[in-house]
Structures are given as C-alpha cells and as structure tokens.
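Following: one structure in structure tokens, then a few remarks.
Number of protein chains: 2
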Amino acid sequence: MQLSDLQTPAVVIDAGRVARNIDRMQRAADAAGFRLRPHAKTHKLPALARQQIARGAVGICCAKPSEAMVFAEAGIEDIRIPYPVHPSKQQQIIALIDRVRVSIIVDNAEIATAWAEVMARAGRTLNVLVKVDVGFHRCGVDPVSPEAHHLISLVSALPGLKFCGLLSHAGHGYHAASETALKLIAEEEVNALTRLAAHMRHRGVEVEEISVGATPTARFSLRHKGPTEMRPGNYVYFDRTQAGLGAATFDDCALSVLSTVVAKHPGRIILDAGSKTLSNDGARGFLPLEGYGALSPSPSGDLRPDEAFSIERLSEEHAIVRVADGASDVKIGDRVRVLPNHSCVVSNLVDVVHMADGDTVVESVPVAARGRIL
Amino acid sequence: MQLSDLQTPAVVIDAGRVARNIDRMQRAADAAGFRLRPHAKTHKLPALARQQIARGAVGICCAKPSEAMVFAEAGIEDIRIPYPVHPSKQQQIIALIDRVRVSIIVDNAEIATAWAEVMARAGRTLNVLVKVDVGFHRCGVDPVSPEAHHLISLVSALPGLKFCGLLSHAGHGYHAASETALKLIAEEEVNALTRLAAHMRHRGVEVEEISVGATPTARFSLRHKGPTEMRPGNYVYFDRTQAGLGAATFDDCALSVLSTVVAKHPGRIILDAGSKTLSNDGARGFLPLEGYGALSPSPSGDLRPDEAFSIERLSEEHAIVRVADGASDVKIGDRVRVLPNHSCVVSNLVDVVHMADGDTVVESVPVAARGRIL
Chain Z
770 MQLSDLQTPA
780 VVIDAGRVAR
790 NIDRMQRAAD
800 AAGFRLRPHA
810 KTHKLPALAR
820 QQIARGAVGI
830 CCAKPSEAMV
840 FAEAGIEDIR
850 IPYPVHPSKQ
860 QQIIALIDRV
870 RVSIIVDNAE
880 IATAWAEVMA
890 RAGRTLNVLV
900 KVDVGFHRCG
910 VDPVSPEAHH
920 LISLVSALPG
930 LKFCGLLSHA
940 GHGYHAASET
950 ALKLIAEEEV
960 NALTRLAAHM
970 RHRGVEVEEI
980 SVGATPTARF
990 SLRHKGPTEM
1000 RPGNYVYFDR
1010 TQAGLGAATF
1020 DDCALSVLST
1030 VVAKHPGRII
1040 LDAGSKTLSN
1050 DGARGFLPLE
1060 GYGALSPSPS
1070 GDLRPDEAFS
1080 IERLSEEHAI
1090 VRVADGASDV
1100 KIGDRVRVLP
1110 NHSCVVSNLV
1120 DVVHMADGDT
1130 VVESVPVAAR
1140 GRIL
Chain Y
770 MQLSDLQTPA
780 VVIDAGRVAR
790 NIDRMQRAAD
800 AAGFRLRPHA
810 KTHKLPALAR
820 QQIARGAVGI
830 CCAKPSEAMV
840 FAEAGIEDIR
850 IPYPVHPSKQ
860 QQIIALIDRV
870 RVSIIVDNAE
880 IATAWAEVMA
890 RAGRTLNVLV
900 KVDVGFHRCG
910 VDPVSPEAHH
920 LISLVSALPG
930 LKFCGLLSHA
940 GHGYHAASET
950 ALKLIAEEEV
960 NALTRLAAHM
970 RHRGVEVEEI
980 SVGATPTARF
990 SLRHKGPTEM
1000 RPGNYVYFDR
1010 TQAGLGAATF
1020 DDCALSVLST
1030 VVAKHPGRII
1040 LDAGSKTLSN
1050 DGARGFLPLE
1060 GYGALSPSPS
1070 GDLRPDEAFS
1080 IERLSEEHAI
1090 VRVADGASDV
1100 KIGDRVRVLP
1110 NHSCVVSNLV
1120 DVVHMADGDT
1130 VVESVPVAAR
1140 GRIL
C-alpha cells in the first residue's frame, strides 16, 4: 500500500526517522554513561517500546497505571510511572508489580505512608522514587527544603517501599526563551538533584538512581555527571515544538498528518484534519511559533514547512489555512502534510498510525495505549 | 455503582440534565416551527441520538462519513454531514446512501460536478445542500456573489444530485463579545440565507431547506422566520464556553470530569485529569475566561465553580490548579469535578462516559463514534 492509498486524515510515521532518532538518543546516552528509559506516552506502541529496548533502553516510562498495563501485557518488563499515583489505584499497581518491575514517584509523606501500608497488607514491595521540583512547579518537593530530606528519609525507611532514588522533570524547558536558557535549566536540574543526593548520602541514605527527563533538555543534561538515567519521550517522533526548541531539525520529525484540501476560497484553503487529529496544542519555541502546525504542500518527501501556508485556526474537523499571495497553487483534492505542534497528543487522538518507508505504507498499527487515562 | 466507585479521571454525564436539555431545545424548535437536527458530534452516542429523535428531532448531523456510519449502523435513518466531503470518500458515501437518507454540503462547482459524475456512475442520487459563508470564513460561498448563484443553479440542475437547500454555520458566534453581537450574528445568518433563497426562487430554483446551526446562536435564530431547520449540537451537554456565551447556566451543564487530587504544594493542587481528558481548548465567552475548565471542589451536587480554584495549566495527565488564599481545604485524595471548556472534544478523548442519576452511575457507555476522523 502506498501513502496515496490512505484515506485522510492519516497519521503517518516515517519508520526510518524513528529508527534514526532511537539510535541517536541511545548513542548519546551510552556515550555519557546514562541509562536511557524513554517515555512511551509519545508513541503508545508496544512495537516501538520493544525497538527502544532492543537498541539499549533499560525499560520505559508510562504516564498512568492503565497505560503501563498495556505495555506490561505486551511483554515490556521494566516500567516506571513518573506520576504521583494515588493509593486508590492500588489494585492496578499490585497487578503491575505481579507482572513486571514497576516503580512510581511520590512527593508527599502521607501518600508514601499510605502506599507502605498498602504494600504491607498486600505482601509486596513498591519501588519508589522521590519526585523533586526543579522549577516546573507541578509535582515534586523543593530540593532544598527540610520536607525533601524528611520525605526521602521516610521513603527509605518505610517497610513495603524500596527507595530507588530521585526523579525530576524540567517541563519548564518547554518555555525557555533561548538555547542558553534551556542549557541553564538542564544544568540547574542536574545540580539540584546531585546536591540533594549528596546531602542524603551524607545522612546515610543510599540514593541509587538520579533520573532526569524531557527531550528539550536531554542534549544538555548529557554533558553533566551525576544523573544515572534520562527519560525523554518525544524524541522518538519529535514535532514542530522540538524543532522550535532546537532539539530537532525538520528532517528528524517522524510524525506527520496526511490531509486533503476539501475547500478553497480567496486567501485560504481548508484541510480535512482539525483539532480531532492535530489537537489545539500551541507550539513552543525560542521564536514565537503561531498556528496549529506547519504545512508542507507536498504529500511526500521531506517535511520542511512552506511558510506561505499558515494554519491559523482549527475546528474539530477543519484546518483553516491562510495562503499568502504567490504561494504555490494548491487545489481541492490535493494532499498536503502537517507537522503537528505536539506529536504525543496526536498519538492519543487516533486509533491507528501508518508506519511508512518513503511512500510505502509498511504497516498500519493500532495505537494500543491510546486513551489510557486511568 | 456510585460515582465514588469510579476510577478517576472519569467523564460523568448527568442523565437528567441531558433529558432536560434535549426537551427544552426540541420545545423551542417546535414552537418556532423549525425542524431540529442535532449535531451528534457532541455526544457521539447512538443512545442519545435515539433519545433526540424520540423527542422529535428529524435526524442528526455527523461530522464525517465514518462518524455517520456508526450512527447508521445503530439504526439512525436520516443523517446530514454538513462537511464538504471530498469525492475521494465516494465509497463511504455510497455505503451510507445504500443504508440511510444521507446529505452532504458542497461549496465548489468542480466538486459538485465530480460528485454528480460519481453518482451517475454509481446509479445513486446524493442529497446536497449548498454551504453558505455567513461570516465564519471557513467553508461556504459568499451569499451575495455570482458564484453562489452559479453553484446553486448548477447543483439543482446536475443529474445525480438532489439540491435540498442552503446551509450555514455561524461559528463566529463563539467569538462574539456580547449578547448583542451574538444576536446580530444570528440575525445576519438568517437574513443572508433567506435573501439568497428568495433570489434563487425568483430565478426558478426550488429551495426546500434553509438550515442554520450552532448552539450559541440557536436562541436568537428561533425568533426569525425563514429557516426550516436548526442544527445545534453542544446543547445536549453544554459546557463552560456555552455558559460564558449565555447559552446555558451552570445548572444546565451535563458533562463533568470527576478527578482526584494527586498532589498538593503551597498555593496549588494537582489533579489527575490533564489535556488527555480535558483538552487544551480554551474557553470562549463574553467575559474573558481563563484556564482549562472550572473547578467545583465537591464530588457531587451542582457544578457551580468555586473561583478560589483556577486551572492554570495542563500537562497531558495533570491539571495544575492555583488555589487562592482562604479557599476551602482540599486534600490529596479528595475528588473534585471539572466543567470543561468544550464538551465535544472531551467526548472524543475518552473511550467511555458514565451516565449518572445524582450520585448513582446508571450505565457506563462506550463512546461509539469517538475518533471517527475519516
């Protein structure tokens, strides 16, 4: 089957670029002495998780217990859930423990204690990392607070829990205004974790793992000593935001949406891919990036966007594209490709993605872990 | 089963409010002499489409042929696809024609001609409405242009097509800055269609249907003579945007997301529902509405938001909620409810919704037409 045989909109994955992205990140991690544990939320595909592990990853991350179960059932043996899973999900976590090596994060003493009680009752042990807030201000303890020291000591002492180490996610890297700012965020993340680890080791607590995350900061994190693991996810596909943050070139981007022009009016064309395929996620980047994706007017070949086309608005099933004067002529029925702002959410919107080698569709793969919000 | 037995995040539908919303809109349409043809994209549930038809709707709208097929297979007999379906979807449209009464829209003469050729070859007739742009500037022909007259004449003359009438969608109503502006948009929509219909009738073209759409403008459209049909969709659930546009009160909103507090830090709480459940769609309304939904700190009862809680940011699996000083104490493990900005996209994100009567879960229903983008 060829790309031209697909009904649109269709999410197309360039299998060669995926393999190259996986290889490059693994090579970089290996060279720096970091274990690589990719976040599988980007692809949600057991086949790609297996490919990452075959290339050297120590395991994967999943966002929620139900997402983890999809990968556990598909044979992935080591799954970290870098999420403050609440003990109301104890049945799901115990089911995972009984099947694979699983770890979660905690950022609260009461919840850590509750998990210890659950595990004591269940006769299991839960691997736990303490989540450290390195500036994103989502979850995590302040690394220089007595609360952090207390929580780490508590987790390392509680029966039923195995304290594995410290974990952070520099999600604020997505909002960095420059390469320099991003570099600094990565540096601060490593410093916060290594200092906290040193402090706790000095107090007699063994801190085995120091795990940092996020694709934008990955290239800078690798320059530092201290972390034992990195957890980028998006790098497997990349997207317009990663290009905007200098983490990828357009030639690295592996996921695109093949779409048909369904209407044309003065100054605009309308595509059959809207927010139900592309999402309304905005783009991030050092330079302001407007719109809901970058359009390439060719149905195949490289994904370099043509700036004469600007995806100004989305409805659920329409992209409204402003066409500049002098742009190449695109007609109703023509097929174009959109590089989405955020590839992870595109994976979550569609039931199937099409793995392609050039213009050949190698396989249409169900997105096995789509929609696993529990 | 009770709401408290659900794993979170969970999309909960108040069945009583749905019934009331369906009844009220039908009563208003009946009183004004409009046929009601709800857009099913909001709920994507055959059971609710049947409920709408049982209460008096003449049929439904669907966004794409694949969405229509779900409802056709579920026994809905009259389906309009107010989308400029491209002839590359001819097999799907023919399959629908062979099963139900189906209609689509066109806004282009070449595409109308192409559809006529498809139908001639296939020995079928396709019901077609001409899409008129009443100011949203997405699809549709300019109602005062010679192009509009030409297209309508063409469609009414082409063998293989049955010209059914004119159709518009005042999507720009969602951006109205005031009740007065919204009223004016609805008035202009009706005027544009009725004038164009009069012009075409004067030229000897029969214009059977005049179909207007959108929930925000519905209450104003009904005050006018001329249209034969209205196609609101969102009214079945409503959402924060509709409350912001005066189309609903919080007591009318039937869809909410039950969510658990999974982390708490100074000035903020974190919920287990992120953009994978709520979407990153912003809110619309006459007054600026910030954030990604409105939070009600009670797991049951009415949905009135507590403004001490502001959903400032979403990650895919987290909502980061700013908590004002003096807000009621919400602890980790507590359950809260979020009224989303946009209910249609929430339906498209989850595999299942939970129909509730008060705190009792009456039925957990698969979202049969979720993700039907083709």
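In order, the protein sequences belong to chains Z and Y. Basically this note's numbering = 1-based index in the first sequence + 769. Basically this note's numbering = 1-based index in the second sequence + 769. C-beta atoms are modelled at their ideal positions from N, C-alpha and C, and glycine is treated no differently.
Is the Cβ of G1140/Z closer than 7 Å to any Cβ of chain Y? Position 371 of the first sequence, counting from 1, holds the residue named residue 1140/Z. Chain Y contact via Cβ: present.
Chain-ordered neighbours of R796/Z on chain Y, where CB pairs are closer than 9 Å: Counting from one through the first sequence, the residue named residue 796/Z turns up at place 27. Near R796/Z there are no residues of chain Y at all, since even the closest Cβ is about 28 Å away, more than 9 Å.
For T882/Y, decide whether its Cβ has a neighbour in chain Z, counting only Cβ atoms nearer than 7 Å. The sequence position of residue 882/Y within the second sequence is 113, counting from 1. No, its Cβ sits nowhere closer than 7 Å to a Cβ of chain Z.
Neighbour list for R907/Z in chain Y, Cβ cutoff strictly below 7 Å: As a first step, residue 907/Z must be located in the first sequence, where it is residue number 138. Residues of chain Y passing the Cβ test: I1039, S1084, H1087 and I1089.
Among V959/Y, H906/Y, S1028/Y and S1069/Y, the one whose alpha carbon lies nearest that of H855/Z: Within the first sequence, the letter at position 86 stands for residue 855/Z. Among V959/Y, H906/Y, S1028/Y and S1069/Y, the Cα nearest to that of H855/Z belongs to S1028/Y.
Cutoff 7 Å: T963/Z Cβ touching any chain Y Cβ: By 1-based counting over the first sequence, the position of residue 963/Z is 194. No, because no Cβ of chain Y sits closer than 7 Å to the Cβ of T963/Z.
Can you tell me where the alpha helix (DSSP H) holding A961/Z begins and where it ends? Counted from its first residue, the first sequence places residue 961/Z at position 192. Where A961/Z is concerned, the enclosing alpha helix (DSSP H) stretches over E948 to H971.
Between N1049/Y and chain Z, is the shortest Cβ-Cβ distance under 7 Å, so that the two count as touching? Reading the second sequence from its first residue, position 280 is the one you call residue 1049/Y. Cβ-Cβ to chain Z under 7 Å: yes for N1049/Y.
For T1029/Z, which residues in chain Y fall below 7 Å Cβ to Cβ? Counting from 1 along the first sequence, the entry for residue 1029/Z is found at position 260. In chain order: H855 and S857.
Please decide whether P928/Y counts as near chain Z, where near means a Cβ-Cβ distance under 7 Å. Indexing the second sequence from 1 puts residue 928/Y at position 159. It does not; no Cβ of chain Z falls within 7 Å.
Which complete beta strand (DSSP E) runs does the stretch 1053 to 1121 of chain Z hold, if anything under 3 residues is left out? 1063 to 1065, 1078 to 1083, 1088 to 1092 and 1104 to 1108
Using only CA atoms, which one of R789/Z, Q821/Z and P815/Z lies nearest to R804/Z? For the purposes of this step, residue 804/Z is taken as the residue at position 35 of the first sequence. Ranking the options by Cα distance to R804/Z, first place goes to Q821/Z.
Could you tell me the distance, in whole angstroms, from the CA atom of K1045/Z to the CA atom of A878/Y? Taking the first residue of the first sequence as 1, we reach residue 1045/Z at position 276. Taking the first residue of the second sequence as 1, we reach residue 878/Y at position 109. So the alpha carbons of these two residues sit roughly 28 Å apart.
Endpoints, the beta strand (DSSP E) within which P1135/Y is located: In the second sequence, the residue the question calls residue 1135/Y occupies position 366. Segment T1129 to P1135, the beta strand (DSSP E) holding P1135/Y.
Using a Cβ-Cβ cutoff of less than 6 Å, which residues in the same chain neighbour V871/Y once the five nearest sequence positions on both sides are dropped? Taking the first residue of the second sequence as position 1, residue 871/Y is located at position 102. Once the five neighbours on either side are set aside, the close Cβ partners of V871/Y are I848 and L865.
If you scan the stretch 815 to 887 of chain Z from start to end, which runs of the alpha helix (DSSP H) of 4 or more residues do you find wholly inside it? 815 to 823, 834 to 842 and 859 to 866
N1117/Z touches chain Y at which residues, Cβ-Cβ below 8 Å? Working through the first sequence from its first residue, we reach residue 1117/Z at position 348. K1045, E1085 and L1118, listed in chain order.
Which of the three DSSP states, helix, strand or coil, is assigned to T1029/Y? Mapped onto the second sequence, residue 1029/Y falls at position 260. Of the three classes helix, strand and coil, the one that applies to T1029/Y here is strand, per DSSP.
Distance between H812/Z and D1128/Y (C-alpha atoms, nearest Å): Translated into the one-based positions of the second sequence, residue 1128/Y becomes position 359. Translated into the one-based positions of the first sequence, residue 812/Z becomes position 43. Going from the Cα of D1128/Y to the Cα of H812/Z covers about 36 Å.
For H941/Z versus A983/Z, is the C-beta distance shorter than 7 Å? For this step, residue 941/Z is matched to residue 172 along the first sequence. For this step, residue 983/Z is matched to residue 214 along the first sequence. The answer is no: Cβ separation not under 7 Å.
Any chain Y beta carbon closer than 7 Å to Q860/Z: In the first sequence, residue 860/Z corresponds to position 91, counting from 1. No, Q860/Z does not count as interfacial toward chain Y.
Determine the contact status of L930/Y and K900/Y, defining contact as a CB-CB distance below 7 Å. To locate residue 930/Y, count along the second sequence from 1; it is residue 161. To locate residue 900/Y, count along the second sequence from 1; it is residue 131. Contact: no.
Can you name, in chain order, every residue of its own chain whose Cβ lies under 6 Å from the Cβ of Q861/Y, other than the five neighbours on each side? As a first step, residue 861/Y is located in the second sequence; it is residue number 92 there, counting from the start. Here the set comprises P834.
For V897/Z versus F932/Z, is the C-beta distance shorter than 7 Å? The sequence position of residue 897/Z within the first sequence is 128, counting from 1. The sequence position of residue 932/Z within the first sequence is 163, counting from 1. Yes, the Cβ-Cβ distance between V897/Z and F932/Z is below 7 Å.
Taking E1144/Y as the query, report the chain Z residues whose CB atoms sit under 8 Å from its CB, ordered along the chain. Residue 1144/Y lies beyond the residue range present for chain Y, which begins at 770 and ends at 1143; the question has no answer from this structure.
Assigned exposure category for P1066/Z - 16 Cβ within 10 Å defines buried: What you label residue 1066/Z is simply residue 297 of the first sequence in a count that begins at 1. Answer is buried; the Cβ neighbour count reaches 16.
At least 3 beta-carbon pairs within less than 8 Å: the stretch 1115 to 1123 of chain Z vs the stretch 1030 to 1037 of chain Y: no
What number of angstroms, rounded off, separates the C-alpha of G785/Z from the C-alpha of A779/Z? Taking the first sequence and counting its residues from 1, the one referred to as residue 785/Z is at position 16. Taking the first sequence and counting its residues from 1, the one referred to as residue 779/Z is at position 10. In a straight line, the C-alpha of G785/Z is about 18 Å away from that of A779/Z.
Straight-line gap, H918/Y to S1097/Z (C-alpha atoms, nearest Å): In the second sequence, the residue the question calls residue 918/Y occupies position 149. In the first sequence, the residue the question calls residue 1097/Z occupies position 328. Answer to the nearest angstrom: the Cα atoms are 29 Å apart.
Taking 8 Å as the threshold, find out whether the stretch 1063 to 1080 of chain Y comes into contact with the stretch 1093 to 1112 of chain Y through three or more Cβ pairs. yes
Within-7 Å CB hit, P776/Y to chain Z: Here residue 776/Y refers to the residue found at position 7 of the second sequence. Inspection of the sequence shows that residue 776/Y is occupied by Gln rather than by Pro. Interface residue, yes.
Is any beta-carbon of chain B found at less than 7 Å from that of L1143/Z? Note that chain B does not occur in the displayed structure, where the protein chains are Z and Y.
Cβ atoms of G1013/Z and A950/Z: under 7 Å apart, would you say? To locate residue 950/Z, count along the first sequence from 1; it is residue 181. To locate residue 1013/Z, count along the first sequence from 1; it is residue 244. No, the pair does not count as a contact, with Cβ atoms beyond the cut-off.
Buried or exposed: A809/Y, going by 16 or more other Cβ atoms within 10 Å of its Cβ? The residue labelled residue 809/Y in the question sits at position 40 within the second sequence. Classification for A809/Y: buried.
Just the chain Y side, please: which residues come within less than 7 Å of A1032/Z by C-beta, in chain order? Here residue 1032/Z corresponds to residue number 263 of the first sequence, with the count starting at 1. Going along chain Y in sequence order, the residues near A1032/Z (Cβ under 7 Å) are P853, D876, N877 and C908.
Alpha carbons only, please: which of D1071/Z, I1089/Z, C1113/Z and V976/Z is nearest the one belonging to D1126/Z? The residue you call residue 1126/Z lines up with position 357 of the first sequence. Nearest of D1071/Z, I1089/Z, C1113/Z and V976/Z to D1126/Z, Cα basis: D1071/Z.
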